[in-house]
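Heads up: the structure comes next, in structure tokens.
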Amino acid sequence: MLRQSCRSRAERLLLDFIPMAEKKKNLLVYHVFFILICGGLFYFLWSAPPETTPRMPRDKNHEQFMDMDRKQAEGFCLECHGAEKIKPLSEKHPQPYRCLFCHKRVDQIRQLETGE
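Residue numbering for the sequence shown follows my numbering, beginning at 125 and increasing consecutively.
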């Protein structure tokens, strides 16, 4: 009784006007539409290409950056990878402002795989 009194008069008239079979049919259409959207999203994410960005190497040049905070370590990247340095970035490389977002450290890979 209380539920019906909370509904607006227009809503009650509309609900009384639509037959029950039509309501179920509309509900089925919404469910099918929802399942198709979820399936399409799942397929899109599942078919994403594998990660191809090289990881930050664990060598004597990069060892000092393994224990640093990510932002702090990124501040040193252009000292060696800047223009005309030891190993400059290619022309196709995007602007280097978040290096470790793509070039993950080996420790970060282990954390992602184990969930720690």
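Ideal Cβ positions, reconstructed from N, Cα and C, are used throughout, including at glycine.
- Message: With a threshold of 7 Å on Cβ separation, who are the neighbours of F225 within its own chain once the five nearest residues in sequence on each side are excluded?
- Response: none
- Reduced DSSP secondary structure (H/G/I, E/B, other) of M125: Confidence in M125 is poor, its pLDDT being 48 and thus under 50, which makes the residue's placement unreliable; the coordinate value appears in the next sentence. Looking at M125 - three-state DSSP - the assignment turns out to be coil, as it is neither helix nor strand.
- Item | Distance between beta carbons of M180 and H186, contact taken as under 8 Å | 6 Å
- Item | Beta-carbon contacts of K211 that lie in its chain and below 7 Å, excluding the five residues immediately before and after | C204 and H205
- May I have the straight-line CA-CA distance separating E208 from P220, to the nearest angstrom? Their Cα atoms are separated by approximately 15 Å.
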